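Data block below; observations after.
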Amino acid sequence: MGCWALLCPAAVALLRSRTVSVLFLVLWPLLGERIAGALLGYVPGLDGIGDWLPFAAGRAMLTDVSAYAGEDRSFVQALIGSHLPTPTAAAVFVLATAAFAGAGMWAYCRRDPKKT
2 MGCWALLCPA AVALLRSRTV SVLFLVLWPL LGERIAGALL GYVPGLDGIG
52 DWLPFAAGRA MLTDVSAYAG EDRSFVQALI GSHLPTPTAA AVFVLATAAF
102 AGAGMWAYCR RDPKKT
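According to my numbering, the stretch in the sequence shown is residues 2 to 117, in order.
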């Protein structure tokens, strides 16, 4: 949850619109990453890239797939969209958040009027 406090203002700073930022932060994790992961899977050598997308890693970080029974495990794994272990998924999500927050800070500072 702490990462959302960094992602939201960074999205607003980058996109310069609260409405577009909200739409992006709602639709990208639900649809955008799954579509991007599926499309990138067709590129040779990038077949497992969907596991490393930030919000798929965030879902993997929050869900313990080993707690589910055998028949439910594959269904839960499909919903999550990532096969990363929890520590790796947490690192991927935190690093992606840091990069996105850094880009937002750069965009905000670039537009900030300089004081003389």
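Ideal Cβ positions, reconstructed from N, Cα and C, are used throughout, including at glycine. It should be emphasised that the depicted structure is a prediction, and the values quoted were computed from it without experimental measurement.
Asked: Under the three-state reduction of DSSP, which class applies to Gly51: helix, strand or coil?; Found: helix
Asked: Whole angstroms is fine: what's the gap from Leu15's alpha carbon to Val21's?; Found: 10 Å
Asked: Can you have a look at Gly51 and say buried or exposed, based on whether 16 or more other CB atoms are within 10 angstroms of its CB?; Found: buried
Asked: Ignore the nearest five residues each way along the sequence and tell me which others in Trp29's own chain have a CB closer than 8 Å to its CB.; Found: Phe56
Asked: Going by CA-CA distance only, name the one from Gly103, Ala37, Tyr109 and Arg60 that's closest to Val77.; Found: Arg60
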